[in-house]
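Only one structure is covered here, and it is reproduced in the block below.
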Amino acid sequence: ENSVMEYILSLPISFSSYFWGKLIGRFFIIYTPVFIALLGSVIWALITNIDVPWDLFFLYSALLASLVFFFLGLSMYISARASSQDIAVSTAFIIWLFLVAFIDLILIGIMLRMRGNPDLIIGLGMLNPLQVFRTGSLILFDPQLTVMGTASYYVLDTVSRSVFIIFSILYPVILGFLFAFLGNRYFNRNDVV
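Written out as structure tokens, the structure is:
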């Protein structure tokens, strides 16, 4: 950290180019090993004569890429706003805990049984990108979402399976891009050194 930012920002590139280049570079650094692991499992399946569900392979690859992009956009926003590395790490950890706390499908089922407004409860649950990712990955293997219990009726009665899969891929990407855009905006307008 000793004068690294001063050196990097003295290069003949704009703040935006630096910001988006860093985001794209980190995306490839994080997503490439995950994709290679998925590809390795496909190669192993082909070697051992197991049928490969190619549609699931591509959908899971897209789901994982969208979740990686969401967390990268969020982390770039946090990095731009935080005054120190400790604050950035603490903020990211608290946000992650908050998102994980609201992923619990049992909690959603209990709230539905307590006669809460189902549209509101499911709507709040679907604001969480981790919940959207989890439900999207479940719906690929269980088209009726029997694992989710009572919440599945509200999800599948509201939208079809294919619409929800598209939503579960696009929503985290849009949210990640929004956070990255806000982080870039703050990064461009404020002194970062």
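Counting from -17, one number per residue, gives the positions in the sequence shown under our numbering. In this text, a Cβ means the ideal position worked out from N, Cα and C, and glycines have one as well.
>> Counting C-beta neighbours from all protein chains within 10 Å, is the total for Gly22 16 or more, i.e. buried, or is it exposed?
In response: exposed
>> With a threshold of 8 Å on Cβ separation, who are the neighbours of Ser(-8) within its own chain once the five nearest residues in sequence on each side are excluded?
In response: none
> When DSSP labels each residue in this structure, what does Val34 get in the three-state scheme?
Replying inline: In the structure shown, Val34 adopts coil according to DSSP, grouped into three states.
> Tell me which same chain residues have a C-beta within less than 6 Å of the C-beta of Ser48, skipping the five on either side of it?
Replying inline: Ile151, Pro154, Val155
> Does the region 9 to 18 touch the region 115 to 125, meaning 3 or more C-beta pairs lie closer than 8 Å?
Replying inline: no
> Could you give the C-beta distance for Ala74 and Ser57, rounded to a whole number, given that I count them as a contact under 8 Å?
Replying inline: Contact holds; Cβ gap of about 6 Å.
> Under the three-state reduction of DSSP, which class applies to Val137: helix, strand or coil?
Replying inline: Three-state DSSP puts Val137 in a helix.
> Over what stretch of residues does the alpha helix (DSSP H) that includes Arg143 continue unbroken?
Replying inline: 143 to 171
> For Leu41, which of Phe115, Leu160, Arg171 has the nearest alpha-carbon?
Replying inline: Phe115
> For the putative contact between Phe39 and Leu20, defined by C-beta atoms under 8 Å, what is the C-beta separation to the nearest angstrom?
Replying inline: With a Cβ gap of about 7 Å, Phe39 and Leu20 count as contacting.
>> Please return the same chain residues whose Cβ sits closer than 8 Å to the Cβ of Leu160, not counting the five positions on each side in sequence.
In response: Gly55
> From this set, Gly7, Leu112, Leu138, which residue's C-alpha is nearest Leu79's C-alpha?
Replying inline: For the residues Gly7, Leu112, Leu138, the minimum Cα distance to Leu79 belongs to Leu112.
>> Using a 10 Å radius around the Cβ and a threshold of 16 neighbouring Cβ atoms, would you call Met108 buried or exposed?
In response: buried
>> Among Val34, Leu45, Phe10, whose alpha-carbon lies nearest the alpha-carbon of Ile148?
In response: Leu45
>> Quick check: Tyr168 and Arg63, are their CB atoms within less than 7 Å of each other?
In response: yes
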